[in-house]
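Sequential numbering of the sequence shown, starting at 467, is according to this note's numbering.
Single-structure report; data block below.
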Amino acid sequence: MTSPSNYTTAPVSEFLLICFPNYQSWQHWLSLPLSLLFVLAMGANATLLITIRLEASLHEPMYYLLSLLSLLDMALCLTVIPKVLAIFWFDLRSISFSACFLQMFMMNSFLPMESCTFMVMAYDRYVAICHPLRYPSIISDQFVAKASAFIIARNALLLSPVPILSARLRYCGKYVIENCICANLSVSRLSCDNITMNRIYQFVAGWTLLGSDFLLIFISYIFILRAVFQLKTEGAAVKALSTCGSHFILILFFSTILLVVVLTNVARKKVPMDILILLNILHHLIPPALNPIVYGFQTKELKRGFQKLLQRGF
């Protein structure tokens, strides 16, 4: 199949998403595993949310924060993966101008929202281990509500200029996006205007938010480890570390995949474009699919809640 021309003389009203421009036959082989991962991500997160909602013993701040993470995971999946699968299955490559920038806004918002949620979860574990007697007064339902509002407002407001700057550019030539998603740089490169301000803002805002979140997570775990190794009660250190194990694994999944995506984009001249596109898709699937599973297997309370949910179902 011959690919459409990259140019049009009329102002662009819609874009064309070309997944794997050099190896378009890949999409037929990838559709099955990506579909399974998508079903796993949506099913596992939905099960976790239902379990926390129905089990009264899980109505605690830590599980409310985990519920927020699951909601963000599901929103991120729904923002990206259905369109990718529609391209793979039905060759529905076109995406309207407004839909493209809406997807860009949601992707740019949800990613730092997740890192901010991890940061709040790290603070929750810090208070639980370093100040256990003060935990109920500090980490309350009101704290979770305020933290959730902060997570949503901070990232939505500070990163909304990214799609706005891209949407204000003139698209009078190229309209074929060599990507499965409306990533900012993939879209803005098609513009006839100078995109320097767009790139600088995304770089500064994105790394300021993500960098500050991971710095605070790192500091929290330093204090946590110091407090854990000072515990003298037999088995107390192991018990304290086990409560943080699931959280640490989730952060590891998230940061490792994000780091791979960033490094491959920096070395884009040495890494084939198709590999970059695949990594971007997997970045929106693997953490959402694994997060609830890891937390479910690592947390006894969630295991019991899930078993009660199965008993109710049968």
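For glycine and all other residues, C-beta sits at the position ideal for the given N, C-alpha and C.
Keep in mind that this is a model prediction, so the values were computed, not measured.
- About 17 Å separates the beta carbons of valine 760 and leucine 724, which is beyond the 8 Å limit, so they are not a contact pair.
- When the alpha-carbon of arginine 692 is set against those of Phe616, Ser654, Tyr592 and Trp673, the nearest one is in Tyr592.
- Here glutamate 580 carries a helix assignment [DSSP, helix/strand/coil].
- Taken through DSSP and simplified to helix, strand or coil, leucine 691 comes out as helix.
- Out of Leu775, Asn757, Gln777 and Phe772, the CA that lies nearest to the CA of leucine 531 is found in Asn757.
- Assigned with DSSP and collapsed to three states, lysine 766 falls in helix.
- When Met570, Ile516 and Cys710 are compared, the shortest CA-CA separation from aspartate 590 is found for Cys710.
- In the three-state reduction of the DSSP assignment, serine 501 falls in the helix class.
- Closest in alpha carbon position to methionine 663, among Ile518, Arg634 and Gly639, is Arg634.
- Under the three-state reduction of DSSP, valine 642 is assigned to strand.
- Lysine 769 sits exposed, since fewer than 16 C-beta atoms from the chains shown fall within 10 Å of its C-beta.
- Taking all protein chains shown into account, isoleucine 604 has fewer than 16 neighbouring C-beta atoms within 10 Å of its C-beta and is therefore exposed.
- Residue environment: cysteine 485 is assigned as buried (16 or more neighbouring CB atoms within 10 Å of its CB, all protein chains considered).
- Put simply, the stretch 669–688 touches the stretch 563–581. At least three CB pairs are less than 8 Å apart.
- Within a 10 Å sphere around the beta-carbon of cysteine 658 sit fewer than 16 other beta-carbons, which makes this residue exposed.
- Each residue's CA atom was taken as its position, placing phenylalanine 556 and serine 523 some 45 Å apart.
- Each residue's CA atom was taken as its position, placing glycine 509 and leucine 656 some 37 Å apart.
- Take asparagine 621, set aside five residues on each side of it, and the residues of its chain with a beta-carbon closer than 7 Å to its own are Ser575, Pro578, Met579, Cys582 and Leu675, in chain order.
- Scanning its chain for C-beta atoms nearer than 8 Å, with the 5 sequence neighbours on each side dropped, one finds around serine 497 the residues Leu551, Phe554 and Trp555, in chain order.
- Taking C-beta atoms as the reference points, proline 753 and phenylalanine 720 count as a pair closer than 8 Å.
- Contact annotation, aspartate 539 with alanine 512: C-beta distance approximately 10 Å; criterion of less than 8 Å not satisfied.
- In the DSSP assignment, leucine 520 forms no beta bridge with any residue.
- Relative to the Cα of alanine 611, the nearest Cα in the group His749, Ser501, Ser533 and Leu514 belongs to Ser533.
- Annotation: the stretch 614–665 contains the following complete segments of the alpha helix (DSSP H) (minimum length 4 residues), in chain order: 627–633 and 650–654.
- Of all alpha-carbon atoms in Asn660, Ala615, Val586 and Leu520, the one lying nearest the alpha-carbon of serine 678 is that of Val586.
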